[in-house]
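Peer 1:
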Amino acid sequence: MLVLSRKSGQSVVVGEPGELQRLLKVTVLAIKGATVNLGFEVDADIPVHRSEVWERIIDDSRARS
């Protein structure tokens, strides 16, 4: 796991720099106590889910197989 420290307004980009295309940009929008608000920029055809929703989708998919 990569652990980074970011301040409000700072971002992390996921992608291949050689292709000059980012897959995902995550920006810290606000920090209020123990809550961090994140903004996700990604192409509309790439789904973004909270981890608990992702796990449920995977479990449902396996149950249907």
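Read in order, the letters of the sequence shown are residues 1139 to 1203 in the working numbering. Backbone N, C-alpha and C fix where the C-beta goes; we use that ideal spot for every residue, glycine too.
#1: For glutamine 1169, which three-state DSSP category applies?
#2: Does the separation of the CB atoms of alanine 1168 and serine 1146 fall below 8 Å?
#3: By how many angstroms is the C-alpha of serine 1143 removed from the C-alpha of lysine 1170?
#4: Assuming the contact rule is C-beta atoms closer than 8 Å, arginine 1160 and valine 1150 should be a hit. Round their C-beta distance to whole Å, please.
#5: Ends of the alpha helix (DSSP H) at serine 1189?
Peer 2: Taking the coordinates as given:
#1: In the sequence shown, the residue the question calls residue 1169 occupies position 31. Before going further, note that residue 1169 is isoleucine rather than glutamine in the sequence given. Residue state, collapsed to three classes: strand.
#2: Here residue 1168 corresponds to residue number 30 of the sequence shown, with the count starting at 1. Here residue 1146 corresponds to residue number 8 of the sequence shown, with the count starting at 1. In contact: alanine 1168 and serine 1146 (Cβ atoms closer than 8 Å).
#3: For the purposes of this step, residue 1170 is identified with residue 32 of the sequence shown, where counting begins at 1. For the purposes of this step, residue 1143 is identified with residue 5 of the sequence shown, where counting begins at 1. Their Cα atoms are separated by approximately 16 Å.
#4: For this step, residue 1160 is matched to residue 22 along the sequence shown. For this step, residue 1150 is matched to residue 12 along the sequence shown. The pair is not a contact, with the Cβ atoms about 10 Å apart (cut-off 8 Å).
#5: Working through the sequence shown from its first residue, we reach residue 1189 at position 51. Serine 1189 -> alpha helix (DSSP H) spans 1189-1202.
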